Amino acid sequence: MAVTAVALAWLRNLFAVVMLSGIFTLTAAVVYVVMDAVDVAFTEAAVGAGIATVLMLGSLVLTTAEEKVQPRRAIAPLAMVVLTGAILVYGTLDMPLYGDPSAPAHGHVAPRYIRDSGREVGPPNIVTSVLASYRGYDTLGEVFVIFTAAAGVIVLMGRGRRFRGRAKRDAKDS
Amino acid sequence: MSHIVVLRVVAKLLIPVILLFALYVQFHGDFGPGGGFQAGVIFGSGFILYALIFGTAVARRAVPAGLTRITLAAGVLLYGGVGVAGIVLGGNYLDYSVLADDALTGQHLGITLIEFGVGLTVASAMITIFYVFAGQDRGPESPEQ
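Residue numbers (this note's numbering), protein chains in the order written: chain A, 517 to 690; chain B, -6 to 138.
Structure representation (structure tokens):
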């Protein structure tokens, strides 16, 4: 993943960048499978590698496939990114080890979900019962996020036919 | 891209399988990994594949852009409506236990319904965004011609 990320930053050909970001996402999905988070991996593969790549390719068609070369070196942004990354890594030092049974995440409501969800909600997949039933509000919020995203795209970029209509009008005028 | 025979044949074989798999993920989410989000994305990507290979004009005939906008809102409304139905039947918002006589059946019904709402919204959002992007195709260049 690290190699892919460096290559992503290095490459100028945006088509290759889109393909590499798809590979990056797929690798992340494999990591999630290894960590037994199958639902997350599934979403990552479908959303990240599937839809995101297609939408990126769609926007490549609208723009260009080559990145514009910037003449000056970007020292300040690089320093900012390194600093933020260092802070994030420092933050992970406080997190419990992966698979640590005494981690706070396992001591709070998780045992109750595992023990009672079969009796209270029913589905054998506990992830589904947590997402859809115990955390119904959260999922509702996520659906609204998706809805807002699509509505925003419609508002910002029009109904998809406006440009063609305008082009036709321009052709008629000239 | 519609002139490439291999692509067309493979896509014709694959798309029904992709859409069927999306439905499987949608309704099998209770038992295995998956659910509305993933199913919606898979359904949307299957449809986008169709639009990429056979052209957006054909795809727009199959699923008009107006229809995806309606289903986009319908999914959110279905989710919210299930919550309101919980209130009407005497429970809390998004409490599915009161939807049927038996709490477990109610939970099952509620989860199935809201997952369907999620899938509907996600799939229509993907298709809508793709339509908007694809519709701009000749946008920037044509005024200069």
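Positions of the beta carbon are idealized from the N, C-alpha and C atoms, including for glycine. For clarity, every value in this text was computed on a predicted model and none was experimentally measured.
With a contact defined as Cβ atoms closer than 8 angstroms, residue 19 of chain B and residue 112 of chain B qualify at about 5 angstroms.
Taking a C-beta distance under 8 angstroms as the contact criterion, residue 663 of chain A and residue 118 of chain B qualify as a contact pair.
Along the segment 17 to 46 of chain B, the positions whose C-beta sits under 7 angstroms from a C-beta of chain A are 22, 23, 24, 25, 26, 27, 28, 30, 31, 34, 35, 37, 38, 41, read in chain order. With a beta-carbon spacing of about 6 angstroms, residue 115 of chain B and residue 30 of chain B fall inside the 8 angstroms limit used to define contacts. With fewer than three CB-CB distances shorter than 8 angstroms, the segment 558 to 573 of chain A does not count as touching the segment 652 to 666 of chain A. In the three-state reduction of the DSSP assignment, residue -3 of chain B falls in the coil class, being assigned neither a helical nor a strand state. Straight-line measurement puts the Cα of residue 81 of chain B at about 15 angstroms from the Cα of residue 94 of chain B. Boundaries of the alpha helix (DSSP H) harbouring residue 671 of chain A: 652 to 673, taken from the DSSP string.
In this structure the segment 33 to 51 of chain B lies against the segment -6 to 8 of chain B, because at least three pairs of beta carbons, one per stretch, are closer than 8 angstroms. Per DSSP, residue 108 of chain B is one residue of the alpha helix (DSSP H) stretching across 96 to 128. The shortest C-alpha to C-alpha distance from residue 10 of chain B to any of B:97, B:89, B:35 is the one to B:35. Here the alpha carbon of residue 522 of chain A sits roughly 29 angstroms from the alpha carbon of residue 126 of chain B.
With three or more CB-CB distances shorter than 8 angstroms, the segment 537 to 552 of chain A counts as touching the segment 560 to 569 of chain A. Taken through DSSP and simplified to helix, strand or coil, residue 534 of chain A comes out as helix. In this structure, DSSP gives residue 48 of chain B a state outside helix and strand, which the three-state scheme calls coil.
At least 8 angstroms separates the beta-carbon of residue 543 of chain A from that of residue 579 of chain A. For residue 531 of chain A, no chain B residue has a Cβ inside 9 angstroms of its Cβ, as the nearest lies near 15 angstroms away. Nearest CB-CB separation between residue 127 of chain B and chain A: below the 8 angstroms threshold. Residue 517 of chain A and residue 550 of chain A have their alpha carbons spaced roughly 14 angstroms apart. Rounded to the nearest angstrom, the Cβ distance from residue 77 of chain B to residue 83 of chain B is 12 angstroms, too far for a contact under 8 angstroms. Judged by beta-carbon spacing, residue 64 of chain B lies beyond the 8 angstroms limit of residue 124 of chain B, meaning their Cβ atoms are not closer than that value. For the 8 angstroms CB-CB criterion, residue 89 of chain B and residue 649 of chain A form a contact. Taking CB atoms only, residue 535 of chain A has no neighbour in chain B less than 8 angstroms away. The C-beta of residue 555 of chain A comes closer than 8 angstroms to at least one C-beta of chain B. Its chain contains 116, 119, 120 as the residues whose beta carbon lies nearer than 6 angstroms to that of residue 37 of chain B, once the 5 sequence neighbours on both sides are disregarded; these appear in chain order.
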